[in-house]
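For reference, the structure is listed below as structure tokens.
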Amino acid sequence: MNVIWHEDFKESYCSDPAAAFGRMEAVIDVIQDRVAFTPAIPADEEDIRACHTENHIASVKRQGLYDIAALAAGGAIQAAFTGLSQPCFALIRPPGHHASSDRAWGFCFFNNMTIAISKLKREGRIRKAFILDFDLHFGDGTVNILGRSDYVTIYNPPESDPNAYLRNVEAMLPDDADIIGISAGFDNHLEDWGGVLSTDDYREMGRMVRAASRKSGGGCFAILEGGYNHRVLGQNVMALIEGLEENGRKGDRFILYRGQLTAGRKFEREISEKLDRRMELRGPGRPKRNKK
Ligand SMILES: [Zn+2]
């Protein structure tokens, strides 16, 4: 899968946990041999202005954070456009879902998701969009900016029971959206702040989103929001990517820690080969795997 990424995201641009040293490296370490990276390009100010006031943009500039926040927004735009034809993940920070048009909090500055979705809409690439925000925290900024629009449905699952959580996500996913965007915050993981979802649950949600987008003939993409336990963040991102790629089956546990990568890769290769054989039997429509 294509992952949108930029070396500048490694920079610890402020003192909040989203900007912590080592957070991006923790993800890169796990995914680097299994994805293809595409460099992020900063969003045009015009695209940011579609979702934020001049006042707010000026305040982000005053904090010295415009460049990194515009780069994150640009990465989200690239993931959304790529997502129209193949699933894509944007490994970006600062996150965005607590950014409203005129203010922001919760480690966010520009609303990466709404900037991306509204650009797709302005350019006539979509009629309907669905945003699944599975971050631990309610994405108030996204709702403030796009919640009253007539073309976007936003779902923040409220459940604290993982089975109900997944059931409701599956039930809420539309079969008529041209794009499904995931605000992928991993802070609701069992070993993160929220303590609800397992790594497998992220893989499962990836699979559900891909299945829903196939049904509607639309696309899908995901962008990083929260997720603060560096020890598990990488495996959770990888699980979501695997789900979106429809790799592995329910209950598969890929071994992703560094020392065990070889075993994990061998296992994954076997499964991929099996899937490839099955796909070949079925003929065209075979998903493109874009691994390095
Ligand atoms: Zn969060």
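Under our numbering, residues 136 to 427 are what the sequence shown spells out, in order. Every residue gets a Cβ at the ideal spot worked out from N, C-alpha and C, and that includes glycine. Here the structure is a predicted model, which means the values were calculated and not measured.
Can you tell me which of the three DSSP states D268 falls into? strand
Looking at the secondary structure, which residues open and close the beta strand (DSSP E) in which N371 lies? Where N371 is concerned, there is no enclosing beta strand (DSSP E), although the alpha helix (DSSP H) it sits in stretches over 365-380.
What is the DSSP secondary structure of P230, reduced to helix, strand or coil? coil
Nearest CA to the CA of P229: which residue from K256, C355, V367, A239? A239
Whole angstroms are fine: how far does the CA of N137 sit from the CA of A171? 5 Å
Spatially closest choice to G456 from L375, M340, Y148, by CA coordinates: Outside the shown range of the chain, which is 136 to 427, sits residue 456, and nothing can be said about it.
Does at least one heavy atom of ligand 1 sit under 7 Å from the Cβ of E360? yes
Cut-off 7 Å between Cβ atoms - residues of its own chain near N303, not counting five sequence neighbours on either side: P292, E294
Please confirm whether I314 and A347 have their CB atoms less than 8 Å apart. No, Cβ-Cβ distance for I314 and A347 is not below 8 Å.
Quick one: Cα of G353 to Cα of E160, how far? 32 Å
Below 8 Å, can you find three or more Cβ-Cβ pairs linking the segment 265-283 to the segment 240-253? Judged by Cβ distances under 8 Å, the segment 265-283 makes contact with the segment 240-253, as three or more pairs qualify.
Over what stretch of residues does the beta strand (DSSP E) that includes L281 continue unbroken? Segment 275-281 is the alpha helix (DSSP H) holding L281; no beta strand (DSSP E) there.
Taking 8 Å as the threshold (C-beta atoms), are S236 and H272 in contact? no
Kindly indicate which residue of L226, R345, E142 has the alpha-carbon position closest to the one of L267. Distance check between L267 and each of L226, R345, E142 places R345 closest, using alpha-carbon atoms only.
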